[in-house]
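Protein chains in written order, with the working numbering: chain X, 1 to 241; chain W, 1001 to 1475. Even glycine gets a Cβ: it sits at the ideal position worked out from N, Cα and C. Small disclaimer: the values here were computed from a predicted structure and weren't measured.
What follows is the structure in structure tokens.
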């Protein structure tokens, strides 16, 4: 009989194996108590007090991050409203919403870390596990998948392989179905992508160049033929960005 | 219809020269007559502006199609903190019209917000933009700074006595935050769970204060309404659906993109005339008229006029104005699966019918695909959809139930054929591999029965859609 802790470790290992290949259908393992999820019937650790608002004296916060969060706090009538922008700022600094990052935000915002945890786990763009520093979100929602996004996602994932610099994710509709299939690379929309674009896409990211400049959404004119009374060249403001 | 009849130019209000270089800057926007509507509106009393909005008959462009003028009038009078929230969390699959507006002409939206704030008497405003729209949020921030410096945002705007603050708030990737009360919770810094209504946001919304929530396109139309006058605007379109509408066409069409149309033109004209229809030799199998949440229509519905009431009459809805076209080479099961998986991922988990209904719908669709379903499963699936509709705090569950329900109703034969084909594949495949393996003497139990022991389509928790950061994480 294994301890609950061992069960959790075993479970996590098995989940990793499954996550690596979702096509493999494995029978669902169940624990002796019938649950698929370990630990749900364990009581909370009552020996441990809940984390309090971190003490500024013992929680070092990078000066830039503190200034940015305080800037966000000043914009809202209620300081909790700054949770999303503050967590996003901390994620930019730390790479993900690590316990340390959450601690720092909690310290500046004067809220508990648990509160910020509850927020961070809700939103797709806030990472609660360590990830690669370049995010590649491939849209696999309906319009993009009609245009071949699933193959594109597989190709990007395979091409990125084990490279820990990349955070390749299949994402829900990114609101750019006109350039389907598309991807958002560190916030920059590119499309329509073909499988042949994938190597250059990753090379551009690795080299720190603008990603597939000719396929960036910012350069695209509106599709409606009646919209413009004359032909306009590219936006100067957007052409270079 | 009117445009086609006159043979002339389609009336363009929002997309006028939208690709002019620098239109996102205050300088070009003002040169093109920007902020003149605001000046005109500030000469009028709030009641007069409200009258214009009511006369225009404009209905909300975000999805629900509620008359904007009526919505504004729901806000209580009196001096208190009142809020205006612009819903720019454009996450409905297939919709990308607001993106175009915010990126290319952000000042139109800001001007619309100020005029609406004047009419509604609100003193604080927010733009809740989805976190994925980085470029668009940057454009809005830059435009907001320009507007603030020019005195359009702040205390005593243009010496009218009107004061308004505006904050661009970036979300972090959650479809549910496009639902108005989920958006309010998210804006207050919480998980984006919808609230019970009533009280409606107009009475008790953001920070418990009266709140007006409008879509980007609705607010961006306001300057045009004030400029041309509400009654003149109401002459566009058809009686119950006035004005122009941005439609986002995507999927199997040759020219996907945003088009500004006059409401009431035949849908065929949009899909075939503007967007070029499906590729050569393909036909339309089905189409979503208003985002992936709207019930699908078939090819024979292509002549339905594209307006709120006609589409409702055809059993669907105009929604956010996002047309997704599916051609006849695509199995309907794939479309249903994509749709259902999206809603399963995005369900916030607060209400049981939605949380469980979306999950089980996906499981049942996977059973069909694996050939483990029986014809009765279709009926069960249809009844699950019926039990979701109207039984949750918000309409996310309905948004899956309606399209899936309509697919089951309209493509029942195809679902059944798929089911049977998958079943036969299992039987034949198992038999074929049995003989092959039996020849080698390597098989004790046929693999077909092993498969049957597995609960259909059970998936590793957290493994779906390859999105480890899902907010349903930890199920």
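Handout entry: Residues, ordered as in the chain, of the segment 68-84 of chain X that lie near chain W by beta-carbon distance below 9 Å
Key = From the segment 68-84 of chain X, only 75, 76, 77, 78, 79, 80, 81, 82, 83, 84 have a Cβ closer than 9 Å to chain W.
Handout entry: Per DSSP, cross-strand counterpart(s) of residue 1154/W
Key = Paired residues: 1164/W.
Problem - Nearest-angstrom Cα separation, counted from residue 1235/W out to residue 138/X - result: The straight-line gap from Cα to Cα measures roughly 43 Å.
Handout entry: Under 7 Å (Cβ pairs) to chain W, residues found in the segment 129-157 of chain X
Key = 129, 141, 142, 143, 145, 146
Practice task
Reducing DSSP to helix, strand and coil, say where residue 989/W ends up.
Solution key: Outside the displayed span of chain W (1001 to 1475) sits residue 989/W, for which this structure offers no information.
Exercise for the section: Sort out for me which residues DSSP pairs residue 1287/W with in a bridge. Expected result: 1297/W, 1325/W
Practice task
Reducing DSSP to helix, strand and coil, say where residue 1445/W ends up.
Solution key: At residue 1445/W, the pLDDT of 42 sits below 50, so the modelled position is not reliable; the number obtained from the coordinates is stated separately. Residue 1445/W: coil per DSSP, three-state reduction.
Practice task
Mind checking which residues open and close the beta strand (DSSP E) that includes residue 170/X?
Solution key: 166-171
Handout entry: residue 1424/W, buried or exposed, once every other Cβ within 10 Å from all chains shown has been counted against 16
Key = exposed
Exercise for the section: Check the Cβ-Cβ distances between residue 1414/W and every residue of chain X, and say whether any is below 9 Å. Expected result: no
Exercise for the section: Determine which residues of the segment 1337-1359 of chain W have a Cβ less than 7 Å from any Cβ of chain X, and write them out in chain order. Expected result: 1338, 1339, 1342, 1345, 1346
Practice task
Compute the distance between the beta-carbons of residue 1252/W and residue 1203/W, then report whether it is under 9 Å.
Solution key: no
Exercise for the section: Report the residue from 1372/W, 1403/W, 1205/W whose alpha carbon sits nearest the alpha carbon of residue 1385/W. Expected result: 1403/W
Practice task
Check the Cβ of residue 1252/W against every Cβ in chain X and list those closer than 7 Å, keeping chain order.
Solution key: 146
Exercise for the section: Count the other CB atoms, across all protein chains shown, that sit within 10 Å of the CB of residue 1011/W; report buried if there are 16 or more and exposed otherwise. Expected result: buried
Practice task
Please say whether residue 185/X and residue 201/X have beta carbons closer to each other than 9 Å?
Solution key: yes
Exercise for the section: State buried or exposed for residue 1427/W, treating a residue as buried only when at least 16 other CB atoms are found within 10 Å of its CB. Expected result: exposed
Exercise for the section: Say whether chain X places a C-beta atom closer than 9 Å to the C-beta of residue 1112/W. Expected result: no
Problem - Where residue 1316/W meets chain X, residues with beta-carbon distance less than 9 Å - result: For a Cβ distance threshold of 9 Å, nothing in chain X lies close to residue 1316/W: the least Cβ distance comes to about 16 Å.
Practice task
Please determine, among 1286/W, 1396/W, 1246/W, 1085/W, the residue with the shortest C-alpha to C-alpha distance to residue 1193/W.
Solution key: 1396/W
Exercise for the section: State whether the segment 97-109 of chain X contacts the segment 1144-1153 of chain W, with contact taken as three or more CB pairs (one from each stretch) at a distance under 8 Å. Expected result: no
Handout entry: Within chain W, partners of residue 212/X - CB distance below 9 Å
Key = Under the 9 Å cutoff, chain W gives no residues; its nearest Cβ is about 15 Å from residue 212/X.
Problem - Contact between the segment 1087-1105 of chain W and the segment 1067-1079 of chain W (3+ Cβ pairs under 8 Å) - result: Using a Cβ-Cβ distance cut-off of 8 Å, the segment 1087-1105 of chain W and the segment 1067-1079 of chain W are not in contact, since fewer than three pairs of beta carbons, one from each stretch, lie closer than that value.
Exercise for the section: Kindly indicate if chain W contains any beta-carbon less than 9 Å away from that of residue 166/X. Expected result: no
Handout entry: Separation of residue 120/X from residue 128/X, as counted between CA atoms
Key = 7 Å
Exercise for the section: List the endpoints of the continuous alpha helix (DSSP H) containing residue 1221/W. Expected result: Per DSSP, the continuous alpha helix (DSSP H) segment holding residue 1221/W begins and ends at 1216-1228.
Handout entry: Range of the contiguous alpha helix (DSSP H) that encloses residue 1308/W
Key = From DSSP, the alpha helix (DSSP H) with residue 1308/W extends over 1308-1313.
Handout entry: Nearest-angstrom Cβ-Cβ length linking residue 1101/W and residue 1014/W, presumed shorter than 8 Å
Key = 7 Å
Practice task
Ignore the nearest five residues each way along the sequence and tell me which others in residue 1416/W's own chain have a CB closer than 8 Å to its CB.
Solution key: 1375, 1378
Handout entry: residue 1019/W burial status per 10 Å Cβ neighbour count (16 or more: buried)
Key = buried
Problem - Assigned secondary structure, residue 199/X (DSSP; H/G/I helix, E/B strand, else coil) - result: Residue 199/X falls in the helix class under three-state DSSP.
Practice task
Inspect the beta-carbon positions of residue 187/X and residue 1132/W and report whether they are closer than 9 Å.
Solution key: yes
Exercise for the section: Measure the CB-CB distance between residue 1213/W and residue 1087/W and report whether it falls below 9 Å. Expected result: Yes, the Cβ-Cβ distance between residue 1213/W and residue 1087/W is below 9 Å.
Practice task
Whole angstroms is fine: what's the gap from residue 1422/W's alpha carbon to residue 1372/W's?
Solution key: About 8 Å.
Practice task
Could you work out which residues of chain W lie near residue 107/X, taking near to mean beta carbons separated by less than 8 Å?
Solution key: Ordered by position in chain W, no residue passes the 8 Å Cβ test against residue 107/X, which lies about 16 Å from the chain.
Practice task
Could you tell me the boundaries of the beta strand (DSSP E) in which residue 1126/W lies?
Solution key: 1124-1129
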